[in-house]
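K.L.:
Which chain is which? The protein sequence lines are A, B, C and D, in order.
Using the UniProt record's numbering, the letters of the first sequence map in sequence onto residues 1 to 180.
Using the UniProt record's numbering, the letters of the second sequence map in sequence onto residues 1 to 180.
Using the UniProt record's numbering, the letters of the third sequence map in sequence onto residues 1 to 180.
Using the UniProt record's numbering, the letters of the fourth sequence map in sequence onto residues 1 to 180.
Virtual Cβ for every residue (Gly too), placed ideally from N, Cα, C.
There are 4 protein chains.
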Amino acid sequence: MAVLFGSSRDHGNTETLTKLALEGMQYTSFYLKNYKVNPIDDLRHTKSGFVKVDDDYDELMREVIHHEILIFATPVYWYGMSGVIKKFIDRFSQSLRDESLNFKDKMGRKKAFVITVGGDNPRIKALPLIQQFQYIFDFSGTEFAGYLIGKANAPHEIQSDSRSISDAMEFRKVLQKHTE
Amino acid sequence: MAVLFGSSRDHGNTETLTKLALEGMQYTSFYLKNYKVNPIDDLRHTKSGFVKVDDDYDELMREVIHHEILIFATPVYWYGMSGVIKKFIDRFSQSLRDESLNFKDKMGRKKAFVITVGGDNPRIKALPLIQQFQYIFDFSGTEFAGYLIGKANAPHEIQSDSRSISDAMEFRKVLQKHTE
Amino acid sequence: MAVLFGSSRDHGNTETLTKLALEGMQYTSFYLKNYKVNPIDDLRHTKSGFVKVDDDYDELMREVIHHEILIFATPVYWYGMSGVIKKFIDRFSQSLRDESLNFKDKMGRKKAFVITVGGDNPRIKALPLIQQFQYIFDFSGTEFAGYLIGKANAPHEIQSDSRSISDAMEFRKVLQKHTE
Amino acid sequence: MAVLFGSSRDHGNTETLTKLALEGMQYTSFYLKNYKVNPIDDLRHTKSGFVKVDDDYDELMREVIHHEILIFATPVYWYGMSGVIKKFIDRFSQSLRDESLNFKDKMGRKKAFVITVGGDNPRIKALPLIQQFQYIFDFSGTEFAGYLIGKANAPHEIQSDSRSISDAMEFRKVLQKHTE
Numbered sequence: 001m002a003v004l005f006g007s008s009r010d011h012g013n014t015e016t017l018t019k020l021a022l023e024g025m026q027y028t029s030f031y032l033k034n035y036k037v038n039p040i041d042d043l044r045h046t047k048s049g050f051v052k053v054d055d056d057y058d059e060l061m062r063e064v065i066h067h068e069i070l071i072f073a074t075p076v077y078w079y080g081m082s083g084v085i086k087k088f089i090d091r092f093s094q095s096l097r098d099e100s101l102n103f104k105d106k107m108g109r110k111k112a113f114v115i116t117v118g119g120d121n122p123r124i125k126a127l128p129l130i131q132q133f134q135y136i137f138d139f140s141g142t143e144f145a146g147y148l149i150g151k152a153n154a155p156h157e158i159q160s161d162s163r164s165i166s167d168a169m170e171f172r173k174v175l176q177k178h179t180e
Numbered sequence: 001m002a003v004l005f006g007s008s009r010d011h012g013n014t015e016t017l018t019k020l021a022l023e024g025m026q027y028t029s030f031y032l033k034n035y036k037v038n039p040i041d042d043l044r045h046t047k048s049g050f051v052k053v054d055d056d057y058d059e060l061m062r063e064v065i066h067h068e069i070l071i072f073a074t075p076v077y078w079y080g081m082s083g084v085i086k087k088f089i090d091r092f093s094q095s096l097r098d099e100s101l102n103f104k105d106k107m108g109r110k111k112a113f114v115i116t117v118g119g120d121n122p123r124i125k126a127l128p129l130i131q132q133f134q135y136i137f138d139f140s141g142t143e144f145a146g147y148l149i150g151k152a153n154a155p156h157e158i159q160s161d162s163r164s165i166s167d168a169m170e171f172r173k174v175l176q177k178h179t180e
Numbered sequence: 001m002a003v004l005f006g007s008s009r010d011h012g013n014t015e016t017l018t019k020l021a022l023e024g025m026q027y028t029s030f031y032l033k034n035y036k037v038n039p040i041d042d043l044r045h046t047k048s049g050f051v052k053v054d055d056d057y058d059e060l061m062r063e064v065i066h067h068e069i070l071i072f073a074t075p076v077y078w079y080g081m082s083g084v085i086k087k088f089i090d091r092f093s094q095s096l097r098d099e100s101l102n103f104k105d106k107m108g109r110k111k112a113f114v115i116t117v118g119g120d121n122p123r124i125k126a127l128p129l130i131q132q133f134q135y136i137f138d139f140s141g142t143e144f145a146g147y148l149i150g151k152a153n154a155p156h157e158i159q160s161d162s163r164s165i166s167d168a169m170e171f172r173k174v175l176q177k178h179t180e
Numbered sequence: 001m002a003v004l005f006g007s008s009r010d011h012g013n014t015e016t017l018t019k020l021a022l023e024g025m026q027y028t029s030f031y032l033k034n035y036k037v038n039p040i041d042d043l044r045h046t047k048s049g050f051v052k053v054d055d056d057y058d059e060l061m062r063e064v065i066h067h068e069i070l071i072f073a074t075p076v077y078w079y080g081m082s083g084v085i086k087k088f089i090d091r092f093s094q095s096l097r098d099e100s101l102n103f104k105d106k107m108g109r110k111k112a113f114v115i116t117v118g119g120d121n122p123r124i125k126a127l128p129l130i131q132q133f134q135y136i137f138d139f140s141g142t143e144f145a146g147y148l149i150g151k152a153n154a155p156h157e158i159q160s161d162s163r164s165i166s167d168a169m170e171f172r173k174v175l176q177k178h179t180e
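Laid out in C-alpha cells, this is it:
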C-alpha cells in the first residue's frame, strides 16, 4: 500500500487524517512535494514521443507502481486536488507511453482510494474532485474502492472535527477489507 | 482582457480554439508554462505568514490583476485543469493575504471565462472541471460569465471538429457582449 | 423532525436505513406515495396565479412546514430522486406563491438532511442527486446539514452492507448534534 | 425521432426551444403530461414481478421504443428534470423486465439527446441533471449524443435569449449529422 501525499505543509490536516485512518496498517508514504516532478511536456503526438525528463518522476513512479493499493491523499486547494498532486497525475500520460513500465496493465489491477480535507463545505464542494478521480480511475481501469472527505482549515483542526474522525474509522474498516 | 494559458504545448488545441474564439479582440496572453510558478507553500497559518517566493508569480499576478476580464484556457488533463494552471490558482491563497494587492476586492469586480479542450467526451467529463471553476469564482466573488468546451486530441484536430468551431463562434458573441 | 419518504415500496432499503439512522429519535414519517400529489401545473406566470389543486399537497405541506428538521429519504431511481419525491418538490414552486404559508421564510430557518440508497455505485453515481439537493436548499435558504448514501439493491440487502450500517451510525451522531 | 416533453405548461420555453432546434426535421411529439403514467411500483424483487398497471405507460413506451433517436425535453424544475418525466423514466425499471419489449437491447441501439431550459444559471446548475442523464444512458447502453441548455424563466423569454437561440441552431446541426 502506497500513500501519495499532495500537501504543501508537513503535518497538515490531510496528513493527520490519513495517518489516523491508516493506523496499524503497513504502508509506504510518498510526500510528493519532496520530489522534483516537472509539469508534463505533452509530447504524445511528436514523432520522437516523450523524452527522458531530468527529474524524479520516473524513479518515483517505478516505486509507486509496485504497490497494489494506492491512496491519493490531497488537501482540497481551490476545490480541486493540489497542484503538486495534479502535476504528478498529469505525468501519467508519459507513463502510458513508457513500454518498459506496463502502466495501464498494472494500474488496471490496482485499487485506489482518495482522502481529501477541505475547509469550505468539502462534503459538497469536493464532490467534483471525487468525480474527477472516478474518471481518472475509469480511464486507467483502476478500481475506485472508496473515499474519505474530512473538514478542517487551520492546522490541527481535523483532530477536533468528530465527524472527520469517525469517518476515518469507517474508512479504515473499508480499507482493511480490501487488504485482507 | 487577459488569457491565462495552461497548456504544456505551444500551438495546441486549447490555444488554437482560444485564438479562434477571440479573433478580432484585444487581449494579453500569459503562457503560464513560460513562468516560474512554484507550488504554494501553505503558510496561511504560521505567525510570519507567507514569505516572498523567489519565482515569477507575484509579478505575473500584478499584471494579470489589471485586466477586467480573465480567460482561463486550459486543456483537460486527466479530467481536470492542467497542473500548470492549478499551481497558479493554488497561489491565489497567497495573494489573498497580500494586502498590497487587494486581491479579493479586485477579483470581485472581474468577469471570468473558461475555455477547455479535451479528447475523451469532454462535454460530459469536463463538467466537474467547470463546477470547480464555479466554486473558485464563487469564493473570489468573480462573475463566471461563460465557458467553452472543445473536443480534440491529436494536434490540430480541433480545426476539424465543426462543433467546437461553431461553439467558439457562439462563445465570441457572448464575450463581445461582455466587453461592449 | 419530519421524514419524507420517496420510496414506492414499503419496508424498502431506504426506509430500513433511515429508521436505523433515526433509532431512538422522535420524528414524524410522511410516506409520500400514500398521498395524492399531482405534478405541478406551472401557473407562476398566469394572471390568476396558482389555483387550488384537488389533492393532498397543501394539507401535507402545512404539516411538514411545522418541523424544524426535514429529512428527505429517497431511493436512487435512475440516478436521481424518485419521481414520487420529485413531484412533491416540484410543488414547492406553488408554495412559494402561497402567501398564507410563508414558505421561503420558514424553509430558510430549517435544517435538511438527505438519505438515499442505490444499487449501482451510489457513493459516486448519487453525487449529482446530492448536488441537486444542495442547489434546492441554497435556493430555499435551508441549511443542508448532512447526507447519508447507502448501497443496496434487493430487499433487505442494506442490513448486510456493513458500510451503510456504519455510516448510518455516524449520520445519527451528526443528526443528534443538530437536535440537541 | 421522438421528442418526450416533460413540461407542465403548453407552449413553454422548453417546448419553444425544442421546436426551434428541430425546425424542418421530422419527429413525433409525446407530451408526457397528457398521459397517465403512475409512479413506479417497484416490484422487481417480488415473486410475481411487475404486474399490469392500469395507465398509459405500456402503450406509450411501445410507441416510443420504435424511434431511433430520443429527445428528452424537460424544463429544469428545482435543478432536476420535471417530476412528470422522472415518473416516466422510473418506469423504465418495469420495461427492463418486460420480455416482450426487448427494452435494453433496443435502447442500446438508440441515440439520445437532452434539451432543458432553466431560469437560475442553468449552464452551471443544470449540470447535475446532465450527469444523471449520462448515467441513465450508460446503464441502458444508449449513446448520449448531445445536449442543449437554454436559459429562460417567464413565458416566451427564451425567444429573447440570443445565446439559447444560437445554441439551438448549433444543436440542430449536431442532430442533423446524426440523422443523415
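Nearest to F75(B) by CA position, among H156(B), G141(B), F5(B), is which residue?
P.N.:
Working through the second sequence from its first residue, we reach residue 75(B) at position 75. At residue 75(B) the sequence reads Pro, which differs from the Phe that was named. It is F5(B).
K.L.:
Counting only Cβ pairs nearer than 7 Å, list the residues of chain A close to Q131(B).
P.N.:
Taking the first residue of the second sequence as position 1, residue 131(B) is located at position 131. P128, listed in chain order.
K.L.:
Name the one or two DSSP bridge partners that I69(C) has.
P.N.:
For this step, residue 69(C) is matched to residue 69 along the third sequence. Bridge partners of I69(C): K111(C).
K.L.:
Starting from K151(C) and walking both ways along the beta strand (DSSP E), at which residues does that stretch end?
P.N.:
For the purposes of this step, residue 151(C) is taken as residue 151 along the third sequence, with counting starting at 1. Start and end: 143–151.
K.L.:
Tell me where the beta strand (DSSP E) around T28(B) begins and ends.
P.N.:
In the second sequence, counting from the first residue as 1, residue 28(B) sits at position 28. Segment 28–31, the beta strand (DSSP E) holding T28(B).
K.L.:
For a contact defined as C-beta to C-beta under 8 Å, what are the partners of P39(C) on chain D?
P.N.:
On the third sequence, position 39 is the one that residue 39(C) refers to. The answer, in chain order, is S8, K33, S82, G83, V84, K87.
K.L.:
In angstroms, rounded to a whole number, what distance separates the CA positions of L129(A) and A154(D)?
P.N.:
Translated into positions along the first sequence, residue 129(A) becomes position 129. Translated into positions along the fourth sequence, residue 154(D) becomes position 154. The straight-line gap from Cα to Cα measures roughly 35 Å.
K.L.:
Report the CB separation of M1(D) from Y35(D) in whole angstroms; it is logged as a contact under 8 Å.
P.N.:
To locate residue 1(D), count along the fourth sequence from 1; it is residue 1. To locate residue 35(D), count along the fourth sequence from 1; it is residue 35. With 8 Å as the limit, M1(D) and Y35(D) do not qualify as a contact, their Cβ atoms being about 19 Å apart.
K.L.:
My understanding is that T16(B) touches I158(B), with C-beta atoms under 8 Å, so please give their C-beta distance in whole angstroms.
P.N.:
Here residue 16(B) refers to the residue found at position 16 when the second sequence is read from its first residue. Here residue 158(B) refers to the residue found at position 158 when the second sequence is read from its first residue. That belief holds up - the Cβ atoms of T16(B) and I158(B) are roughly 5 Å apart, short of 8 Å.
K.L.:
Taking buried to mean at least 16 other C-beta atoms within 10 Å of its own C-beta, is S100(B) buried or exposed?
P.N.:
Sequence index remark: in the second sequence, residue 100(B) carries index 100 (1-based). With fewer than 16 other Cβ atoms within 10 Å, it is exposed.
K.L.:
For E170(A), decide whether its Cβ has a neighbour in chain C, counting only Cβ atoms nearer than 7 Å.
P.N.:
The sequence position of residue 170(A) within the first sequence is 170, counting from 1. For E170(A), the answer is yes, since a Cβ of chain C falls inside 7 Å of its Cβ.
K.L.:
DSSP three-state label for L43(B), please.
P.N.:
Mapped onto the second sequence, residue 43(B) falls at position 43. If DSSP states are grouped into helix, strand and coil, L43(B) belongs with coil.
K.L.:
In the DSSP assignment, the alpha helix (DSSP H) including A168(C) goes from what residue to what residue?
P.N.:
Here residue 168(C) corresponds to residue number 168 of the third sequence, with the count starting at 1. First-last of the alpha helix (DSSP H) with A168(C): 162–179.
K.L.:
By the three-class DSSP mapping on this structure, what secondary structure does P75(B) have?
P.N.:
For this step, residue 75(B) is matched to residue 75 along the second sequence. Reduced to three states, the DSSP call for P75(B) is strand.
K.L.:
In or out: S162(A) buried (at least 16 other Cβ within 10 Å) or exposed?
P.N.:
In the first sequence, the residue the question calls residue 162(A) occupies position 162. Flag for S162(A) reads exposed.
K.L.:
Say whether chain B places a C-beta atom closer than 7 Å to the C-beta of S166(D).
P.N.:
Stepping through the fourth sequence from its first residue, residue 166(D) is reached at position 166. Chain B contact via Cβ: present.
K.L.:
So, is V84(A) buried or exposed, given that buried needs 16 or more other C-beta atoms within 10 angstroms?
P.N.:
Position 84 of the first sequence, counted from the first residue, corresponds to residue 84(A). Classification of V84(A): buried, given that the 10 Å Cβ count is 16 or more.
K.L.:
Closer than 7 Å by C-beta to F171(D): which residues in its own chain qualify, once you throw out the five before and the five after it? Chain order, please.
P.N.:
Within the fourth sequence, numbered from 1, the residue matching residue 171(D) stands at position 171. The answer, listed in chain order, is A21, G146, L148.
K.L.:
Is R163(C) close to chain A, meaning its C-beta is less than 7 Å from at least one C-beta of that chain?
P.N.:
On the third sequence, residue 163(C) is found 163 positions in, with the first residue counted as 1. Cβ-Cβ to chain A under 7 Å: yes for R163(C).
K.L.:
How many angstroms separate the CA atom of F135(B) from the CA atom of H66(D)?
P.N.:
Translated into positions along the second sequence, residue 135(B) becomes position 135. Translated into positions along the fourth sequence, residue 66(D) becomes position 66. In the sequence on display, residue 135(B) carries Tyr and not Phe. Going from the Cα of Y135(B) to the Cα of H66(D) covers about 42 Å.
K.L.:
What residues of chain B sit near I124(D), judged by a beta carbon separation below 8 Å?
P.N.:
Numbered from its first residue, the fourth sequence carries residue 124(D) at position 124. Result: I130, Q131, Q134, F144.
K.L.:
Below 7 Å between beta carbons: does that hold for N13(B) and V117(B)?
P.N.:
Walking along the second sequence from the start, residue 13(B) turns up at place 13. Walking along the second sequence from the start, residue 117(B) turns up at place 117. For N13(B) and V117(B), yes; Cβs fall inside 7 Å.
K.L.:
Could you work out which residues of chain D lie near H45(C), taking near to mean beta carbons separated by less than 8 Å?
P.N.:
As a working mapping, residue 45(C) is identified with position 45 in the third sequence. Under the 8 Å cutoff, chain D gives A154, P155.
K.L.:
Kindly indicate which three-state DSSP category A21(C) falls into: helix, strand or coil?
P.N.:
Taking the third sequence and counting its residues from 1, the one referred to as residue 21(C) is at position 21. Helix at A21(C).
K.L.:
So which residues on chain D does V174(B) lean against when the C-beta distance must stay under 8 Å?
P.N.:
Translated into the one-based positions of the second sequence, residue 174(B) becomes position 174. The contacting residues are R163.
K.L.:
Would you mind giving the Cβ-Cβ distance between G80(D) and Q132(C), rounded to the nearest angstrom? I have them listed as a contact below 8 Å.
P.N.:
Your numbering for residue 80(D) matches position 80 in the fourth sequence. Your numbering for residue 132(C) matches position 132 in the third sequence. Right, the Cβ-Cβ distance comes to about 5 Å (below 8 Å), so this counts as a contact.
K.L.:
Of the residues K110(D), N102(D), F103(D), which one's Cα is nearest the Cα of F72(D)?
P.N.:
In the fourth sequence, the residue the question calls residue 72(D) occupies position 72. Ranking K110(D), N102(D), F103(D) by Cα distance to F72(D) puts K110(D) first.
K.L.:
Using only CA atoms, which one of A168(C), D54(C), D42(C) lies nearest to S8(D)?
P.N.:
Mapped onto the fourth sequence, residue 8(D) falls at position 8. Among A168(C), D54(C), D42(C), the Cα nearest to that of S8(D) is on D42(C).
K.L.:
Taking just the CA atoms, how far does H178(A) sit from F144(A)?
P.N.:
The residue given as residue 144(A) occupies position 144 in the first sequence. The residue given as residue 178(A) occupies position 178 in the first sequence. Going from the Cα of F144(A) to the Cα of H178(A) covers about 11 Å.
K.L.:
Shorter than 7 Å from the beta carbon of Y57(C) to some beta carbon of chain D?
P.N.:
On the third sequence, residue 57(C) is found 57 positions in, with the first residue counted as 1. Cβ-Cβ to chain D under 7 Å: no for Y57(C).
K.L.:
Could you have a look at V117(B) and say whether DSSP puts it in helix, strand or coil?
P.N.:
Taking the first residue of the second sequence as position 1, residue 117(B) is located at position 117. Here V117(B) sits in strand by DSSP.
K.L.:
Would you verify that the beta carbon of D138(B) is, or is not, closer than 7 Å to some beta carbon of chain A?
P.N.:
Position 138 of the second sequence holds residue 138(B). For D138(B), the answer is no, since every Cβ of chain A falls outside 7 Å of its Cβ.
K.L.:
If I follow the unbroken beta strand (DSSP E) through L4(A), where does it start and stop?
P.N.:
Residue mapping note: residue 4(A) aligns to position 4 of the first sequence, counting from 1. 2–5 is the span of the beta strand (DSSP E), which, as asked, contains L4(A).
K.L.:
Output the distance between the C-alpha atoms of A168(C) and K125(C), rounded to the nearest integer angstrom.
P.N.:
Counted from its first residue, the third sequence places residue 168(C) at position 168. Counted from its first residue, the third sequence places residue 125(C) at position 125. Distance between the alpha carbons of A168(C) and K125(C): 19 Å.
K.L.:
So which residues on chain D does Y79(C) lean against when the C-beta distance must stay under 7 Å?
P.N.:
Within the third sequence, numbered from 1, the residue matching residue 79(C) stands at position 79. Near Y79(C) (Cβ distances below 7 Å), the residues of chain D are Q132, Y135, I136.
K.L.:
Do we get a CB-CB distance below 7 Å when we pair D105(C) with the residues of chain D?
P.N.:
Taking the third sequence and counting its residues from 1, the one referred to as residue 105(C) is at position 105. For D105(C), the answer is no, since every Cβ of chain D falls outside 7 Å of its Cβ.
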